[in-house]
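Colleague: Keeping their order, the protein sequence lines are chains A and B. Take 1 as the starting number for the first sequence in my numbering and just add one per residue. Take 1 as the starting number for the second sequence in my numbering and just add one per residue. The structure that follows is given in the form of structure tokens.
There are 2 protein chains.
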Amino acid sequence: MKPNPSRVNLCECWARDGLQGEAAFIPTQAKIDMIDRMTRAGFRRIEVTSFAHPKLIPQFGDGIEVLKGIERNPEATYIAIVPNDKGLDRLLDCCQAGYGVDEIMAILAASEDYLLAGLNRTMDEARAPLGDIVRRAHQAGLKVTGVIGTAFGCALAGEVPVERVEELAEWYLEQGADRIMLGDTTGEANPARVRRVYRRLRTRFPEVDFVAHFHDTRGLGLANTLAALEEGVVFHDGSLGGIGGQPATRRPKYHEGYSGNVCTEDLVFMLEEMGIRTGLDTESVIELGLEAERVLGRELLGHVTRSGPARRRSDRVLAASLLRPGLKIRPGLFLISPASSRSFDSEAALAEHMIRAALSKSWPLPEGLAVVISGLAGPESIPEREVVLTRFTVLSVDARQARADLECLSQTSDGGVFFQGRIGLLFPGPGGPAREENS
Amino acid sequence: MKPNPSRVNLCECWARDGLQGEAAFIPTQAKIDMIDRMTRAGFRRIEVTSFAHPKLIPQFGDGIEVLKGIERNPEATYIAIVPNDKGLDRLLDCCQAGYGVDEIMAILAASEDYLLAGLNRTMDEARAPLGDIVRRAHQAGLKVTGVIGTAFGCALAGEVPVERVEELAEWYLEQGADRIMLGDTTGEANPARVRRVYRRLRTRFPEVDFVAHFHDTRGLGLANTLAALEEGVVFHDGSLGGIGGQPATRRPKYHEGYSGNVCTEDLVFMLEEMGIRTGLDTESVIELGLEAERVLGRELLGHVTRSGPARRRSDRVLAASLLRPGLKIRPGLFLISPASSRSFDSEAALAEHMIRAALSKSWPLPEGLAVVISGLAGPESIPEREVVLTRFTVLSVDARQARADLECLSQTSDGGVFFQGRIGLLFPGPGGPAREENS
Chain A
1 MKPNPSRVNL CECWARDGLQ GEAAFIPTQA KIDMIDRMTR AGFRRIEVTS
51 FAHPKLIPQF GDGIEVLKGI ERNPEATYIA IVPNDKGLDR LLDCCQAGYG
101 VDEIMAILAA SEDYLLAGLN RTMDEARAPL GDIVRRAHQA GLKVTGVIGT
151 AFGCALAGEV PVERVEELAE WYLEQGADRI MLGDTTGEAN PARVRRVYRR
201 LRTRFPEVDF VAHFHDTRGL GLANTLAALE EGVVFHDGSL GGIGGQPATR
251 RPKYHEGYSG NVCTEDLVFM LEEMGIRTGL DTESVIELGL EAERVLGREL
301 LGHVTRSGPA RRRSDRVLAA SLLRPGLKIR PGLFLISPAS SRSFDSEAAL
351 AEHMIRAALS KSWPLPEGLA VVISGLAGPE SIPEREVVLT RFTVLSVDAR
401 QARADLECLS QTSDGGVFFQ GRIGLLFPGP GGPAREENS
Chain B
1 MKPNPSRVNL CECWARDGLQ GEAAFIPTQA KIDMIDRMTR AGFRRIEVTS
51 FAHPKLIPQF GDGIEVLKGI ERNPEATYIA IVPNDKGLDR LLDCCQAGYG
101 VDEIMAILAA SEDYLLAGLN RTMDEARAPL GDIVRRAHQA GLKVTGVIGT
151 AFGCALAGEV PVERVEELAE WYLEQGADRI MLGDTTGEAN PARVRRVYRR
201 LRTRFPEVDF VAHFHDTRGL GLANTLAALE EGVVFHDGSL GGIGGQPATR
251 RPKYHEGYSG NVCTEDLVFM LEEMGIRTGL DTESVIELGL EAERVLGREL
301 LGHVTRSGPA RRRSDRVLAA SLLRPGLKIR PGLFLISPAS SRSFDSEAAL
351 AEHMIRAALS KSWPLPEGLA VVISGLAGPE SIPEREVVLT RFTVLSVDAR
401 QARADLECLS QTSDGGVFFQ GRIGLLFPGP GGPAREENS
């Protein structure tokens, strides 16, 4: 088996494929803020808007305002969908005015039923103008990704022959497309088919970059991504919160239930856990996912967003810079017996020992760390062996990062409170040298 | 790359691992009914209950009643967890009385923190009695699966060395265990680690059957299952609706967010779509998942449960036996132009043509099928090319299966109603020979 790519290039699709399914208009400034956060979090491919006709998809009626408003990182590629000539005209005007995009997506589908339902075009009607779009965009210096939707099957037509996908890829490349995206538009793919299709297309077009774009319609989004990854695909798509799917137009719905993209938070988590570099970190992407939920006003589909990253003891020594108000520190377990408890001079000494034991499950503790205990309500005696689980919530971190205050709760295995109160962590040295020692 | 197993053996864990996380007691008869439905759906491995102390996990206080009540298929393996001596005594009494199980699961965890938090035992305290349990169960003619929980990481302790997992597997096998389950108890696994761990253990113990048990805590359940499958593992676990996780006891919670098992509905869908035989079919398992939702009174996590199976044209010719009241037939698309519409003698003839076109996207239609149209409200004329999406809901199927009545809705691409009304499908021949022709 070939080794997996050691690094992948993720595209964050929330602002386009994600929002296209939202019936409520998201304010332009909220879109701009989210895209800016994506840029700052480290995404280097970002779908920003669509040049679909605003009457068809009102969500993108503000596309030009979004392009004007967003921060640009020169290392990032900003991408828009251009479904027709007029859309390209509008986009090229933006480019000339200095607020265009770096790349466009040209849209076709391997299933003609889908083309008709989604774009009201037959294959022939769709192809001819699209070839012009690809060529014109290319002449204007834009990269072009040729999207082949329903590449693994179609909610309307059912199975889609791989030969048709191959033929469309060839056609796109002849028109000058730089990359080919295989879209699992309505979530019909499975890992075996993903492997077969990508293996065939990558064998046929070994020099071409393919973009894997899966929807999590039936829960297989990450498994399909894994299959594409293991076939050597390095460009992968996701949307914060796993939103997206059929655009919110007046057109009849062509599928039920889930329809969104692979959830970016879970995707980044999977890849980073596998040791595949995304240029992103799970914690920041979870923060972004939570922000996406605030913008949309509802809980979205990210799993890691709710469950948090996998538990792992940090390599970094605990420092105030690693803490922020509201942070929940995962529970750490400690075993205490009547005998071992007697070795402590006081209840406070026992409490401190337990607190250190619990914290040290998450980080190595710096030498010289002082623990100030206040208001601890503990048991009077320890009649038998106790399993104690201690968890913390950070209340505040002082500006000089010399001290953090935490709420602490220790519980025994029957759920009883063993210790509860506030603690202060006093970090050694002025300004938190513990942090600098361990960078 | 090795070929995947062509057939897998799935264990349905809903009644044990699934329900252990439910705080509300599920009535005994509901448990029995669900297990019977699993048996009839074709599951050949079913976790039925736990012999944990009823005071610790009240959900399983009725374990013996469940064992007494369920139907038995001699080809199926019924499984219970036995966490201690007294539990085994109670189970062996059941076995002697004729309503035992075929297999027990003995529980250990690679993380001592987890053992302490979950079982209030150190590794040494857990191992000694467990060895007795394995040996006694074996002598009594029961199969034994040795469970190694937290095999890929632990919500309390973080990383778990593979060497410890290997050592515990060896220990279990020395005690006489028949199979080894690696449990991703708190959902810390990722596909790369799954591959490494299984590759190592399967190399070390090539004759041993391993059981892959993942939790979907961070959305990676199916991707991890895929990785295990591709490492040759044929025993896989899931729970209907993706429920499960930490038992509902008074013990403090050791993780947040999602905690359930891989969702059986999505798991079966993935495997069957990949051409890997499970002995189950997606439709029946979706029905089971919906029943599990009715029992628990809430919507669960299955994706395919909401979105339905992938769209595919059936090989079977349409017959009344394939329809049932309430069935929603997926939309089929049809293109009509002013010119083509003029070739129909009447509105009804046009409607019938569209209905046949839409139905034939799902099944080949039998020769001699008659379509009776009543109450269709259609447009007066067709001014331009129209993309029409037609969907159906089955209202009734007559007892002789000669006729089915359906609600029909055809919509144009702007969401307008093109045709709406009731149709009758009259199947050729008495008693529906179309079905028999195509068995």
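A virtual CB, placed ideally from N, CA and C, is assigned to each residue, including glycine. Owing to the predicted nature of the structure, the values given are computational and were not obtained by experimental measurement.
1. Exposed or buried, B:Thr203, counting other C-beta atoms within 10 Å across all chains shown (16 or more means buried)?
2. Classify B:Val417: buried if its beta carbon has 16 or more other beta carbons within 10 angstroms, exposed otherwise.
3. Between A:Leu267 and A:His236, which are expected to be in contact by the criterion C-beta below 8 Å, what is the C-beta distance as a whole number of angstroms?
4. Could you check whether the Cβ of A:Leu220 sits closer than 8 Å to any Cβ belonging to chain B?
5. What residue from B:Ile107, B:Arg316, B:Ile46 has the CA that sits closest to B:Pro364's CA?
6. Can you pull the chain A residues whose beta carbon is under 9 Å from the beta carbon of B:Leu156, in chain order?
7. On the three-pair Cβ rule with 8 Å, is the segment 401-409 of chain B touching the segment 318-337 of chain B?
8. Would a C-beta distance cut-off of 8 Å place A:Ile46 and A:Pro83 closer than the cut-off?
9. Assuming contact is defined by CB atoms lying nearer than 8 Å, are A:Pro366 and A:Leu327 in contact in what I supplied?
10. Which residue comes first and which comes last in the beta strand (DSSP E) that contains B:Ala80?
11. Quick one, which of A:Thr28, A:Gly375, A:Gly415 has its alpha-carbon nearest B:Arg486's?
12. Report the CB separation of A:Ala310 from A:Glu347 in whole angstroms; it is logged as a contact under 8 Å.
13. Taking 8 Å as the limit between beta carbons, can you name the residues of its chain near B:Val66, skipping five residues before and five after?
14. Give me the residue from B:Leu130, B:Asn120, B:Pro54 with the minimum Cα distance to B:Leu173.
15. Which ranges does the beta strand (DSSP E) cover as unbroken runs of at least 3 residues, wholly within the segment 158-213 of chain A, from first to last along the chain?
16. For B:Ser343, would you say it is in contact with chain A, using Cβ-to-Cβ distances shorter than 8 Å as the test?
17. Could you give the distance in angstroms between the alpha-carbon of B:Ala157 and the alpha-carbon of B:Asn9?
18. Checking contacts by CB at 8 Å: is B:Leu168 closer than that to chain A?
19. Contact criterion: CB-CB distance below 8 Å. Does A:Ala223 meet it with respect to chain B?
20. Return the residue from the list B:Ser307, B:Ala155, B:Val387, B:Pro331 that minimises the CA-CA distance to B:Ser340.
21. Could you work out which residues of chain B lie near A:Arg269, taking near to mean beta carbons separated by less than 7 Å?
22. What does a CB cutoff of less than 6 Å around A:Ala109 pick up in its chain, not counting 5 residues either side in sequence?
23. Please report how far the alpha carbon of B:Ile70 lies from the alpha carbon of B:Glu12, in whole angstroms.
24. Reducing DSSP to helix, strand and coil, say where B:Ala377 ends up.
25. Should B:Val372 go down as buried or exposed, given a rule of 16 or more other Cβ atoms within 10 Å for buried?
26. Is the segment 391-403 of chain B touching the segment 220-230 of chain A, taking contact as three or more C-beta pairs under 8 Å?
27. Output needed for B:Ala41: all residues of its chain with C-beta closer than 7 Å, excluding positions within five of it in sequence on either side, in chain order.
28. Please tell me whether B:Asp17 and B:Ser239 are closer than 8 Å, where the distance is taken between their beta carbons.
29. With a Cβ-Cβ cutoff of 8 Å, do B:Glu22 and B:Ala248 count as a contact?
30. From A:Tyr78 to A:Ser259, what distance separates their C-alpha atoms?
31. What three-state label does DSSP hand B:Lys123 in the structure shown?
32. What residue from B:Gly187, B:Thr305, B:Leu222, B:Gly375 has the CA that sits closest to B:His255's CA?
33. Rounded to whole angstroms, what is the Cα-Cα separation between A:Arg7 and A:Arg196?
34. Which of the three DSSP states, helix, strand or coil, is assigned to B:Arg470?
35. Roughly how far, in whole angstroms, is the beta-carbon of B:Ile329 from the beta-carbon of B:Arg391, given that I think they are within contact range, below 8 Å?
36. Does A:Gln20 come within less than 8 Å of chain B when only Cβ atoms are used?
Modeller: Checking against the coordinates, here is how it stands:
1. Counting the other CB atoms within 10 Å of its CB gives B:Thr203 a total below 16, which places it among the exposed residues.
2. B:Val417 comes out exposed.
3. Indeed they touch by this definition, with Cβ atoms about 7 Å apart.
4. At least one chain B Cβ lies under 8 Å of A:Leu220.
5. Looking only at B:Ile107, B:Arg316, B:Ile46, the smallest Cα-Cα distance to B:Pro364 is reached by B:Arg316.
6. B:Leu156 reaches chain A at Arg311, Arg330, Pro331, Gly332, Leu333, Lys361, Leu389, counting residues in chain order whose Cβ is nearer than 9 Å.
7. Three or more Cβ pairs drawn from the segment 401-409 of chain B and the segment 318-337 of chain B lie within less than 8 Å of each other, which places the two stretches in contact.
8. At least 8 Å separates the beta-carbon of A:Ile46 from that of A:Pro83.
9. With respect to A:Leu327, A:Pro366 sits apart: the two C-beta atoms are not nearer than 8 Å.
10. Element bounds for B:Ala80: 77-81.
11. What the structure shows of chain B is the stretch from 1 to 439, and residue 486 of chain B is not part of that stretch, so it cannot be assessed.
12. Their Cβ separation, rounded to whole angstroms, is 34 Å, which puts A:Ala310 and A:Glu347 out of contact at 8 Å.
13. So the qualifying residues of the chain are Ala15, Thr28, Lys31, Ile32, Ile35, Val48, Thr49.
14. Checking every option, the nearest Cα to that of B:Leu173 belongs to B:Leu130.
15. You should have 179-184.
16. No, B:Ser343 does not count as interfacial toward chain A.
17. Their backbone Cα atoms lie some 31 Å apart in a straight line.
18. Under the Cβ distance rule, B:Leu168 does not count among the residues neighbouring chain A, no pair being separated by less than 8 Å.
19. Chain B, which has a Cβ nearer than 8 Å to the Cβ of A:Ala223, makes this yes.
20. The option with the nearest alpha carbon to B:Ser340 is B:Val387.
21. The identity of residue 269 of chain A in the sequence shown is Phe, whereas the question assumes Arg. Arg218, listed in chain order.
22. Closer than 6 Å at Cβ, skipping near neighbours: Leu115, Gly149, Thr150.
23. Straight-line Cα distance between these residues: approximately 15 Å.
24. It is coil, neither helix nor strand.
25. By the 10 Å Cβ count, B:Val372 comes out exposed.
26. With the cut-off at 8 Å, the segment 391-403 of chain B and the segment 220-230 of chain A do not touch.
27. Hits under 7 Å: Leu280, Ser284, Val285, Leu288.
28. Cβ atoms of B:Asp17 and B:Ser239: closer than 8 Å.
29. In this structure, B:Glu22 places its C-beta atom within 8 Å of the C-beta atom of B:Ala248.
30. One C-alpha to the other measures close to 24 Å.
31. According to the sequence shown, residue 123 of chain B is Met rather than Lys. It is helical.
32. Considering only alpha carbons, the answer is B:Gly187.
33. The straight-line gap from Cα to Cα measures roughly 22 Å.
34. The requested residue 470 of chain B is not part of the displayed model; chain B covers only 1 to 439.
35. Cβ-Cβ separation between B:Ile329 and B:Arg391: approximately 7 Å, consistent with a contact (criterion under 8 Å).
36. For A:Gln20, the nearest beta carbon of chain B is not closer than 8 Å to its own beta carbon.
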